[in-house]
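Written out below as structure tokens is the structure these notes cover.
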Amino acid sequence: MIPGFLLLLLACLCPQHAATKLVLYPPRVFLPYNYGIPSNITVSVVGGIHCSFEWWSKNPNIVAVDPICVSEDCCREAVVSVVSSSSLRISTKIIAVAKGHSENRILECDVVTDTPTSIELNTFNEGPHLNGEPAVVTIVAKDKYNNVFNSINGLNFQWTATSETHQIDTNVEDGSEEKEPEFLLETLPNPSKYNSELQRRGLLGHTVLFIPKRLGLHSITASLKRRDLIDLITPISHIFVRLPVQVRPSYEINLIEFANVDITVKKDNGNAVGIISFQKHSFDDNLVHQMDSYKESGLYLENGTIKVTGIGAGIGDFKIAIPNLNDEHLSLKEHELLSKIQVVKPAKLGFRISNGDFNTLEEMQIYVVSVEVFDEDGNVIYPSENLRIITTFLPSSLFYVNSTTSNGTYHVVQALVPGKGTIKAEFKGVLKPDNTLFKKYDLSTSLEVTICQKLEISPKFLLLPKTSNSVPLHKIRVMATGGTGNYKWSTDTSEEMASINFDGEISHAGFLNIYNESDFNVILSDSNNPNFLTKSLVSVQNILDIEVYPSVVESVVGNVLILPVAFLAYEDKEKKIVRKFDDCTTLKPTVEIIEKHLLSLIEEGPYVPAFGKGCMTLQFKCKAPGYSRVNIYYDSKIGQDVITHKTTTVLACFKSLKPVHPVRVAVLPLGATKEIAFEGGPRRWPLYKDGHYAKLEASNPELINFEIIKDPIRYNKDLTVFRVVCKALGENTLTFKIGNEASATNPHPAKEETTIKFICSEPHSVHLKLPQKKNNNLLEDNIVKVPFYGEKLFSLDIWIKDEMGRKLSNISSLNVKFEKLDENLIEDSDSNELRSYENAVAGYRKVTRDYAEFKMTGNTGDLRVTANVKSYKAAVFKKLGISKPKREFKEVTATIDLKLAGLRDIMTGSYTKKEENNVAQSEEETCDEDSCNS
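Heads up: the sequence shown runs through residues -19 to -1, 1 to 915, numbered per mature numbering (1 follows the signal peptide of the UniProt record, and there is no 0).
Take a look at the structure:
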């Protein structure tokens, strides 16, 4: 099998996407020829997710290939074994073909067999502890070109070990005297089935375990017998079995003058050693030992600890003897541990920051900042407790110091906010036993650091649908923020699952291509500080359900309704956590509109990004007012099954709200009534009909009375009519509001409103006019034709204006009287009373004309008619409960002079315009509302 650290090294050394490509590892295999037991090695397919491979050897007489299959059709590994027993250098290849791969990819690995020409031992530099873990000793074999063989697990080596008192040969002949061993050489336990032949035969291979039984120095060597050649022998390797104790803080210590250190001897498990004796050994006179009473004969011992203080420059060393570990075969020397103390001069200060000594930090992260003192040779000086170093972090707004040591060499610091700062350190001296400060060296240093924003990927989590008609399944852009601004993107999956591309110069955006269902991480690192690392989880899952999240489901005819649609999946299947996909624009659902004359689906329109709780949007064009149910389907294939997901909603269209009667302003006298009408606005929501409202609000409600007029058979469903009565003089702003209240199916209902002016005013002027007839060729406008026979009637239009020149819409509450000066021309009858013509075809009553009719006697001549507005009608005020105004009514009058002409005179041309002066007249003209203001 391939060692894990080699796979990691391969991934680090390869280019950005190389680790995800299909390759054989190792790409080249170097094996020794078959000595009788074949050496072998496992070759693996690295990268990709393809599992089915067919393996073979180009020359089976040289190497054989044995696939390792985890299932019947999944063989990504194979064991390559040497068959040839020829000692000549031979080359061949092994082949792995990806079966069913889109590119029918062929992978190759070079195999070379040769003869080892040298062998050497690899072991630990520091020997094992007595009764501790054994040492692993391995043989490395090379050819004449100094190339290392990948595997030599088929070679049988002869191992020989020597101690001070014994010599052990692993090839002891039968019948020889067996001596008590001081160590054991054993093969590695639990070998693979592919390299267990040596163990089954009781032979030692290229790797053994050295198990010490006694203290002391041991020598070990191995040899390999070669056919017709001189045997290969490794150089001698030494293994020193040491005591299971440790000298803390170290075996070698550098001190500054007057600095002290506590030296402790403990077992490897941390427990203190029982009886220990310290022996003075070649101490320099400049070393002084702190103790309660100074003793030149030795070091002061207290609870297994000795305190040493350095004075001046010099070297001292001492030995530690442990009598209770004496061995009859060993001298006292083997029990002694040599520790060396050196007094040196400090030369400079330096900083060490945890996580790689980078001077770029990340906000809100905690770092350990150490101040180190170096001597002139660059060796680190022990940070004694009585050193005094002042360390400052500037500015204080960027740092928070959680803790620090008394000597100022160790600080736990949290970087707070982004910015540039400085860390300064100054060596103040060494605190002597009399509490005075020893100042001899002037040392200081500083380090500029930059605190960056926290490195983040947006989005932090991506849930995407598996079922998609596009290739790749998804193209997603991920964004990076924070750090130093230079980024590297990667994924922890193969290129057959996903790949990510980015521009090295503009690296804040990564473009992710996803090809298959999987869970993987997008990994972001900072190019300037690899400790800045973050990742975003990407999960591609099957569709679980589909839902519509209504936002605005009502819109004006001609506008577009945007409907958010969410496809759902498990974020955490074990915990049953369901959420929407982050992007599902690649899915194409089927949309069914029930009322197709009301709505139409916009398939080729401007792209609208997903919003709210949706992961995609559907656009509908409103064509006519009304409601329609919309069904949305999507078929997803899971294995061999096709599952249909369905959801439904209701959409509404309505006309834009506008006032239709009056359009802008209505002016009425006191006691008059007018029907005002509005058209459009949201209709009653079918799923919550009680939530619909249509209300009229007045800025001065005390001036008027109003009520809504409900007509169940009104053909115009978008018409809302109110009846308004003037109670007092004044001006009102009428605001009409219509809409639906929020509900579960309509959380954001449409609401519309519009305003008109409604004025209760006094009459100020009266106007009279004959109605104009079409094709009127009369010489003057005030000529009335007197017919020979039939009903001899004519009418006069009347309208009244207020002081501002605005026409009063309804004058039925006014008492209007007509006076005639020549009763020979006009008969006095009830038809002379004021009349009004109302049109209700549009669904509301509209007064289009106020007039009076007069019956002619048949005589011709000049006639003067006077209209007098004398007062308000008391009966109207009484019926409506309106109080009589305090201000006295001011009577207004108007007079019109008419010429009653016989038909004979008209036909003879006496009252007819000349032909060249004929002007085509419009149809009957009447004044409507404020159109006669001038």
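C-beta atoms are modelled at their ideal positions from N, C-alpha and C, and glycine is treated no differently. Remember, predicted model here, so these are calculated numbers, not experimental data.
Around Asp54, the same chain offers Ser33 as residues with beta carbons nearer than 6 Å, after the five sequence neighbours per side are excluded. Cβ-Cβ distances below 6 Å link Thr202 to Thr141, Thr215, Ile217 in the same chain, with the five nearest sequence neighbours on each side left out; the list follows chain order. In the displayed model, Lys860 falls within a helix according to three-state DSSP. A Cβ-Cβ contact shorter than 8 Å links Asn134 with His187.
In the three-state reduction of the DSSP assignment, Ile49 falls in the strand class. When the five nearest sequence neighbours on each side are left out, the beta carbons in the same chain lying within less than 6 Å of the beta carbon of Gly491 are those of Val459, Trp470, Ile481, Phe483, in order along the chain. Within a 10 Å sphere around the beta-carbon of Ser439 sit fewer than 16 other beta-carbons, which makes this residue exposed. Only residues of its own chain outside the window of five on either side were considered, and among them Tyr614 have a CB closer than 6 Å to the CB of Thr571, listed in chain order. Taking a contact as a CB-CB distance under 8 Å, the pair Asn235 and Ile370 does not count as one, their CB atoms being some 16 Å apart.
By the neighbour-count criterion, in which a residue is buried when 16 or more other Cβ atoms sit within 10 angstroms of its Cβ, Glu804 is exposed. Collapsing the DSSP output to three states places Ile740 in a strand. Where Glu535 is concerned, the enclosing beta strand (DSSP E) starts and stops at 535 to 537.
Of the residues assessed, Leu884 falls on the exposed side of the cut-off, its CB having fewer than 16 other CB atoms within 10 angstroms.
By the Cβ rule, the stretch 534 to 548 does not count as touching the stretch 506 to 520, because fewer than three pairs are nearer than 8 Å. Scanning the stretch 450 to 480 for uninterrupted alpha helix (DSSP H) segments of 4 residues or longer gives nothing; none is fully contained. Apart from the 5 residues on each side of it in sequence, Asn112 sits with its Cβ closer than 7 Å to the Cβ of Pro225 in its chain, given in chain order. For Leu774, the uninterrupted beta strand (DSSP E) run begins and ends at 774 to 782, by DSSP. The beta-bridge partner set that DSSP reports for Leu102 consists of Ile120. In this structure the stretch 681 to 690 does not touch the stretch 771 to 781; the number of beta carbon pairs closer than 8 Å is below three. Burial check for Gln522: the Cβ neighbour count within 10 Å reaches 16 or more, so the residue is buried. Cα atoms of Ile740 and Leu710: separation of roughly 8 Å, rounded to the nearest angstrom. In this structure, DSSP gives Pro545 an extended state, which the three-state scheme calls strand. Looking at the DSSP output, Gln522 sits in a beta bridge with Pro446.
Annotation: the stretch 318 to 403 contains the following complete segments of the beta strand (DSSP E) (minimum length 3 residues), in chain order: 318 to 324, 327 to 334, 341 to 343, 347 to 356, 368 to 375, 380 to 385, 391 to 396.
By the beta-carbon neighbour count (other beta carbons within 10 angstroms, threshold 16), Asp95 is buried. The residues Leu445, Ile495, in chain order, have a CB closer than 6 Å to that of His455 in the same chain once the five nearest residues on each side in sequence are set aside. About 4 Å separates the CB atoms of Cys603 and Cys634; that is less than 8 Å, so the two are in contact.
Closest by C-alpha distance to Lys738, out of Ile689, Lys732, His748, Ser790, is Ser790. Residue pairing from DSSP places Lys561 in a beta bridge opposite Leu549. Straight-line spacing of the CA atoms in Lys618 and Glu35 works out to 31 Å. Burial state of Gly620 is exposed, judged by a 10 Å Cβ sphere holding fewer than 16 other Cβ atoms. One thing to note: Val64 has its Cβ within 8 Å of the Cβ of Ile43. Annotated as distal: Val631 and Thr566, with beta-carbon spacing of 8 Å or more. Annotation: Ser793 to Ser742 spans about 14 Å, alpha carbon to alpha carbon. Glu585 is the residue among Leu580, Glu585, Lys556, Glu576 whose C-alpha sits nearest the C-alpha of Lys569. Within a 10 Å sphere around the beta-carbon of Arg181 sit fewer than 16 other beta-carbons, which makes this residue exposed.
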